[in-house]
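Enquirer: Residue numbers (full-length UniProt numbering): 1 to 127.
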């Protein structure tokens, strides 16, 4: 049996830009993608903490070290620059793998710098 499991999460990222005139996707700083184990073109769910909006899109890479988190196309209508978002990816896994898999989780500060990458610390941190 396969299970769809939480694979990666970028937690509390700040939207830096909303570009309505771009054809779809979310642009994310390559350094953040590397730390969270999310690839370019990977499907992600974006949850807007400020207004509760949820959407699915795919990732394109942004410049390293830029802190960029830009919602493009129609998704730009669901966010404002400065909004906090959670970006989640999922993966299908054999049950034996799913039972021991530890997601890659990064928590961001207000400048989209990584505060922590420690999964255990995530569960003991008050956000």
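For each residue, glycine too, the CB sits at the ideal point set by N, CA and C.
If you scan the segment 33-80 from start to end, which runs of the beta strand (DSSP E) of 3 or more residues do you find wholly inside it?
Expert: 43-48, 54-62, 69-72
Enquirer: Work out the CA separation of residue 87 and residue 81 for me, nearest whole Å.
Expert: The residue you call residue 81 lines up with position 81 of the chain shown. The residue you call residue 87 lines up with position 87 of the chain shown. Looking at the two C-alpha atoms, the distance is approximately 15 angstroms.
Enquirer: For the candidate residues 71, 51, 52, whose alpha-carbon lies nearest to that of residue 60?
Expert: Taking the first residue of the chain shown as 1, we reach residue 60 at position 60. Residue 60 has its Cα closest to that of 71, out of 71, 51, 52.
Enquirer: Tell me whether the beta-carbon of residue 73 lies closer than 8 angstroms to the beta-carbon of residue 27.
Expert: Within the chain shown, the letter at position 73 stands for residue 73. Within the chain shown, the letter at position 27 stands for residue 27. In this structure, residue 27 does not lie closer than 8 angstroms to residue 73 by Cβ.
Enquirer: Based on the DSSP secondary-structure assignment, which residues constitute the bridge partners of residue 9?
Expert: In the chain shown, the residue the question calls residue 9 occupies position 9. Partner(s): 88, 105.
Enquirer: Alpha carbon to alpha carbon, what distance is there between residue 48 and residue 97?
Expert: By one-based count along the chain shown, residue 97 stands at place 97. By one-based count along the chain shown, residue 48 stands at place 48. Each residue's alpha carbon lies about 30 angstroms from the other.
Enquirer: Could you tell me the distance, in whole angstroms, from the CA atom of residue 116 to the CA atom of residue 90?
Expert: Residue numbering aside, residue 116 sits at position 116 when the chain shown is read from its first letter. Residue numbering aside, residue 90 sits at position 90 when the chain shown is read from its first letter. If I take the Cα positions, the gap works out to 20 angstroms.
Enquirer: With distance defined between alpha-carbon atoms, name the residue in 8, 7, 13 nearest to residue 79.
Expert: Mapped onto the chain shown, residue 79 falls at position 79. Out of 8, 7, 13, 13 has the C-alpha closest to the C-alpha of residue 79.
Enquirer: Quick check on the DSSP output: the beta strand (DSSP E) that includes residue 115 runs from which residue to which?
Expert: Residue numbering aside, residue 115 sits at position 115 when the chain shown is read from its first letter. Boundaries of the beta strand (DSSP E) around residue 115: 114-116.
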